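Heads up, the thing below is written out as structure tokens.
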Amino acid sequence: MSSTPASSQKNIVGISKNGTLDYTKLEKLLGPLVLQKEDHVNAPAFVIRPDSVEEALTLLRDEAGFDHLSCVTAQEYEDRFESIYHLRKYDSPQHELGIVVPSPKNNPWNQSACSVFRTADWHEREAYDLVGINYEGHPDLRRILLPDTWQGHPLSLDYDQNKPQLITLQEHENPLRDTDEENTMFINIGPHHPATHGVLHLKTVLDGEHVVSVDPDIGYLHRCEEQMAQGLNYRYQIMPYPDRWDYASAGLLNEWAYARAAEDLVNIEVPEYAEIIRTMGAELCRICAHFLAVGTFALDIYGDFTAIFMYAMRDREIVQSILEDLTGQRMMFNYFRLGGVVWDLPEPRDEFLSKIQKFLDKIPAGIQEYSELMTTNEIFQLRCVGTGILPPDVARQYGVTGPVARGSGIDYDLRRDDPYGYYENLDWNVVTNDGCDIYSRFLVRLGEVEQSAKIIGQCISLLESWPEEDRIIQANVPRTIKPPADAEIYRAVEAAKGELGIYIRSDGTQQPARFKIRSPCFSNLSTLSEMATGGLVPDLIAALGSLDIVLGEVDR
Amino acid sequence: MTTDPRLNSKLREAFGSSPFILTKFDSFMDWVRGSSLFLLQFGIACCSIEMMHTFAVKHDLDRFGAGVPRASPRQADLIIVPGTIVSKFAPRMRRVYDQMPEPKFVVGMGSCTISGGPFHKGYNVVKGVEEILPVDIHVPGCPPRPEALVYGIVKLQERIINGQRSPVTVDPYELEKFGDLDTHELIEQLADQIAENDLVMRYNWSDSP
Ligand code: SF4
Chain U
3 MSSTPASSQK NIVGISKNGT LDYTKLEKLL GPLVLQKEDH VNAPAFVIRP DSVEEALTLL
63 RDEAGFDHLS CVTAQEYEDR FESIYHLRKY DSPQHELGIV VPSPKNNPWN QSACSVFRTA
123 DWHEREAYDL VGINYEGHPD LRRILLPDTW QGHPLSLDYD QNKPQLITLQ EHENPLRDTD
183 EENTMFINIG PHHPATHGVL HLKTVLDGEH VVSVDPDIGY LHRCEEQMAQ GLNYRYQIMP
243 YPDRWDYASA GLLNEWAYAR AAEDLVNIEV PEYAEIIRTM GAELCRICAH FLAVGTFALD
303 IYGDFTAIFM YAMRDREIVQ SILEDLTGQR MMFNYFRLGG VVWDLPEPRD EFLSKIQKFL
363 DKIPAGIQEY SELMTTNEIF QLRCVGTGIL PPDVARQYGV TGPVARGSGI DYDLRRDDPY
423 GYYENLDWNV VTNDGCDIYS RFLVRLGEVE QSAKIIGQCI SLLESWPEED RIIQANVPRT
483 IKPPADAEIY RAVEAAKGEL GIYIRSDGTQ QPARFKIRSP CFSNLSTLSE MATGGLVPDL
543 IAALGSLDIV LGEVDR
Chain B
17 MTTDPRLNSK LREAFGSSPF ILTKFDSFMD WVRGSSLFLL QFGIACCSIE MMHTFAVKHD
77 LDRFGAGVPR ASPRQADLII VPGTIVSKFA PRMRRVYDQM PEPKFVVGMG SCTISGGPFH
137 KGYNVVKGVE EILPVDIHVP GCPPRPEALV YGIVKLQERI INGQRSPVTV DPYELEKFGD
197 LDTHELIEQL ADQIAENDLV MRYNWSDSP
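These protein sequence lines map, in sequence, to chains U and B. With our numbering applied, the first sequence corresponds to residues 3 to 558, in that order. With our numbering applied, the second sequence corresponds to residues 17 to 225, in that order.
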């Protein structure tokens with residue numbers, strides 16, 4: 003595989019003296035490939051021909067340092083199809099560029115980007131599945147979210163949702179079957195299996211205890227989140243849905259992804275006080291999500307409901323009850339509004355804030371306890387140290403983000419690198435670990451819990467002393483929001499699992515014409531076969547646990 | 017006659033000195049069934065997180081004699097369906113249910129299992145678990161609180177103990193052999209992809225509630 007040259011730091015084209023991107027230089031780099039320049043709200047985009055995708059992306063990756071293909075969005079217009087490749091850099095995520103590839107209505111196709119970015123594999127399969135664009139040169143272009151026998155492409159314009167569909171159940175064959183090769187055995191893990199964290203199906207070929215190949219089969223929880231959002235209005239109706247993407251109580255982090263994209267699209271300034279509440283709530287969610295990750299990870303390794311799982315659940319109960327006080331719900335918060343949050347902290351404030359403080363005070367000892375229970379355990383060490391290796395250059399190729407990337411030593415955290423909320427003004431660190439194995443991912447998560455606690459602590463003292471007359475929880479936002487027609491934006495936040503991005507295209511109405519979710523779990527999961535092939539079956543399960551996927555977000 | 021004092025319990029006291037009770041065998045079996053439900057460790061979507069909380073500390077479902085999650089459907093009497101069912105998963109869920117031994121019970125958890133919930137309009141979403149499995153108890157909510165789920169299960173236990181059983185299935189989607197289906201445009205299109213003997217589930221979306 004080609005390595006990613008950004009790390010080798012040769013002369014990178016397209017950066018002006020003050021460190022920002024110089025799009026004229028980039029345009030010059032691509033030369034005749036650029037047909038046109040578009041302005042998206044987040045960054046400019048170049049329109050190219052369908053047959054020059056590979057060339058353009060290779061140039062941008064090798065010469066201009068765009069080593070992160072964060073998302074591929076496909077959509078159908080009245081007169082054409084379009085794929086958009088959203089590029090950015092791991093070293094400086096604020097450097098963004100869109101590559102727009104229009105293709106004709108009667109024959110939607112463009113060259114595949116798989117040979118340039120491995121992550122394009124799954125993203126293009128999804129685009130083919132839902133919108134119906136054919137990617138030429140794609141190694142394995144089949145449906146990914148919907149079953150193979152599905153008729154039609156549901157996000158294309160002429161799709162008729164009332165037509166009957168037929169789904170097969172081929173797994174009724176003996177799940178253990180002989181494969182063509184001698185000495186190997188095919189086995190289905192999931193979609194109902196205690197170690198798959200929900201409804202994931204792994205098609206695995208084993209040679210004795212060793213994994214010869216593993217192919218994750220997803221889509222068992224594809225709830226049409228994008229279609230849902232495209233049928234709802236910006237102002238109030240979309241906000242409840244993000245809670246249900248990553249439902250490990252990470253709701254506020256997801257709501258923020260939508261809020262950030264929509265607010266930037268129509269230029270809403272969020273009051274400082276609301277930003278602090280948002281930051282505090284979001285970090286509480288992160289703690290809650292990481293506790294679930296740690297608890298279920300222990301469940302995977304030890305195979306039973308042991309103390310660690312129960313401790314994690316106990317601590318989650320505390321956070322959930324704090325969040326319930328704040329938002330009114332234990333999991334599905336629906337607390338953010340465009341321009342702020344829905345209501346102020348609950349009264350009596352002091353009591354609420356001291357409840358959080360009391361929880362924070364226990365965190366260092368709690369982390370210590372988790373650490374001792376797990377890291378000093380020999381079984382745990384044998385299973386986790388040096389297994390499920392994901393080297394950083396492979397991780398970049400797959401568009402990996404979040405704790406998984408940071409466990410491979412990639413120092414990438416949008417809270418710091420593409421700041422939003424109140425993070426800039428607070429004192430905290432990005433936790434990384436160079437181990438690249440299962441163990442280091444676990445350590446990163448524990449470290450992040452500590453950092454989140456640090457952030458929340460600072461938010462509490464700010465909130466305590468905030469003068470009463472300045473407690474503005476919402477900006478002045480009109481009742482109906484209609485962004486200008488054909489405005490396009492891609493914006494991401496650092497959710498519990500990594501870069502959670504939203505692409506919105508407006509058509510001048512109250513509802514988005516295209517709403518695309520870039521889910522961190524989706525990209526992270528695509529590395530599984532890279533990590534597990536050649537290893538033992540139990541290591542496969544541990545590797546899967548260390549990815550900390552939530553199927554609601556993988557399948558959307 | 018003296019009994020070993022270690023065997024003394026509240027129940028024993030209630031029966032008085034006689035070691036015999038007189039009851040109908042059926043009522044006895046109902047009482048046994050209801051008092052010790054094994055449930056399937058089965059997660060689908062967001063509701064399963066609250067279900068885990070129901071099993072774990074604080075809510076501790078086992079207090080009511082119904083909290084031992086079994087990983088294999090062959091050991092379970094109760095399946096809680098915690099979340100949205102989509103077209104690709106429904107046949108698999110039906111298969112898991114079929115593997116459970118009789119008598120078996122179904123609790124639908126959350127609005128998704130009632131009607132598709134927030135995803136009711138989705139092109140890929142089955143409009144409620146009743147289209148696939150017979151349901152004994154529905155617990156509404158999005159997600160229901162652990163207390164609500166505990167209440168639902170305790171209600172189910174009460175019904176089992178009282179010998180009441182009336183699960184509901186509405187217009188079920190069944191697993192059928194592909195070869196047995198009536199001809200239809202869709203069937204002809206798929207004929208070369210699917211073998212005669214393959215099991216399939218056919219969704220007539222326009223008839224969905
Ligand atoms: S009812 Fe609500 S919480 Fe439960 S699975 Fe459906 S959307 Fe998720």
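Glycine is no exception: its CB is placed at the ideal position from the N, C-alpha and C atoms. From a predicted model like this one, the values you see are computed outputs, not experimental measurements.
Residues in its own chain within less than 6 Å of residue i by CB, not counting five upstream and five downstream?
i, result
"U/A534", "V213, V216, L542, A545"
"B/D78", "none"
"U/N112", "P52, V55, S85, V103, S105"
"B/K120", "D93"
"U/L375", "I310"
"U/S10", "Since pLDDT at U/S10 reaches only 44, below the 50 mark, its modelled position is unreliable, and the value read off the structure follows with that caveat. Excluding residues within five positions, none has a Cβ falling inside 6 Å."
"U/T198", "G192"
"U/N435", "G409, S442, L445, V446"
"B/K143", "S131, G132, S224, P225"
Between which residues of its own chain and residue i is the CB-CB distance below 7 Å, once the five residues before and five after are set aside?
i, result
"B/A87", "Q57"
"U/R443", "P405, V406, G409, S548"
"U/S158", "E78, V133, G134"
Using a 10 Å radius around the Cβ and a threshold of 16 neighbouring Cβ atoms, would you call residue i buried or exposed?
i, result
"U/S72", "buried"
"U/D245", "buried"
"B/Q173", "buried"
"B/A106", "buried"
"B/E163", "exposed"
"B/A82", "buried"
"U/R558", "buried"
"U/S114", "buried"
"U/K91", "buried"
"U/H42", "buried"
"B/G195", "exposed"
"B/S222", "exposed"
"U/Q383", "exposed"
"U/I381", "exposed"
"U/A250", "buried"
"B/I37", "exposed"
Any C-beta of chain B sitting closer than 8 Å to the C-beta of residue i?
i, result
"U/M241", "no"
"U/L202", "no"
"U/V539", "no"
"U/D523", "Correcting the residue identity first, residue 523 of chain U is Cys in this sequence and not Asp. Answer no: the Cβ-Cβ gap between U/C523 and chain B never drops below 8 Å."
"U/C226", "yes"
"U/L223", "yes"
"U/Y336", "Correcting the residue type first, residue 336 of chain U is Asn in the shown sequence and not Tyr. Chain B, which has no Cβ nearer than 8 Å to the Cβ of U/N336, makes this no."
"U/G249", "Here residue 249 of chain U turns out to be Tyr, not Gly, going by the sequence shown. True, the Cβ-Cβ gap to chain B drops below 8 Å."
"U/R144", "no"
Closest Cβ-Cβ distance between residue i and chain U: below 8 Å?
i, result
"B/R175", "no"
"B/V142", "no"
"B/T199", "no"
"B/V84", "no"
"B/V216", "yes"
"B/G168", "no"
"B/I130", "no"
"B/H154", "no"
"B/F121", "no"
"B/E66", "yes"
"B/S103", "yes"
CB-CB under 8 Å to residue i, same chain, minus the five flanking residues each way: which ones, in chain order?
i, result
"U/K39", "Y25, E29, P46, A47, F48, V49"
"U/R385", "I303, I440, P540, D541, A544"
"U/L448", "H292, V296, I369, Y372, S373"
>> Taking 8 Å as the cut-off, does the region 55-73 of chain U touch the region 87-101 of chain U (at least 3 CB pairs, one atom from each stretch)?
In response: Yes, the region 87-101 of chain U touches the region 55-73 of chain U.
> Taking one C-beta from the region 179-192 of chain B and one from the region 117-126 of chain U each time, how about it: are there three or more such pairs within less than 8 Å?
Replying inline: Result no; under three Cβ-Cβ pairs closer than 8 Å.
>> If contact is defined by three or more beta carbon pairs under 8 Å, each pair taking one atom from either stretch, is the region 65-79 of chain B in contact with the region 137-144 of chain B?
In response: Contact fails: fewer than three Cβ-Cβ distances are below 8 Å.
>> If contact is defined by three or more beta carbon pairs under 8 Å, each pair taking one atom from either stretch, is the region 507-520 of chain U in contact with the region 221-241 of chain U?
In response: Touching, yes.
>> Is it the case that the region 147-166 of chain B contacts the region 126-135 of chain B, given that we only count it when at least three CB pairs across the two stretches are under 8 Å?
In response: With the cut-off at 8 Å, the region 126-135 of chain B and the region 147-166 of chain B touch.
>> Count Cβ pairs between the region 273-288 of chain U and the region 252-264 of chain U that sit closer than 8 Å; are there 3 or more?
In response: The region 273-288 of chain U and the region 252-264 of chain U touch, with no fewer than 3 CB-CB distances between them shorter than 8 Å.
>> Across the region 461-477 of chain U and the region 383-398 of chain U, are there enough close Cβ pairs to call them in contact, namely three or more that are closer than 8 Å?
In response: Judged by pairs of C-beta atoms under 8 Å, the region 461-477 of chain U does not touch the region 383-398 of chain U, as fewer than three such pairs exist.
> Between the region 349-367 of chain U and the region 324-332 of chain U, do three or more beta carbon pairs fall short of 8 Å?
Replying inline: Yes, the region 349-367 of chain U is in contact with the region 324-332 of chain U.
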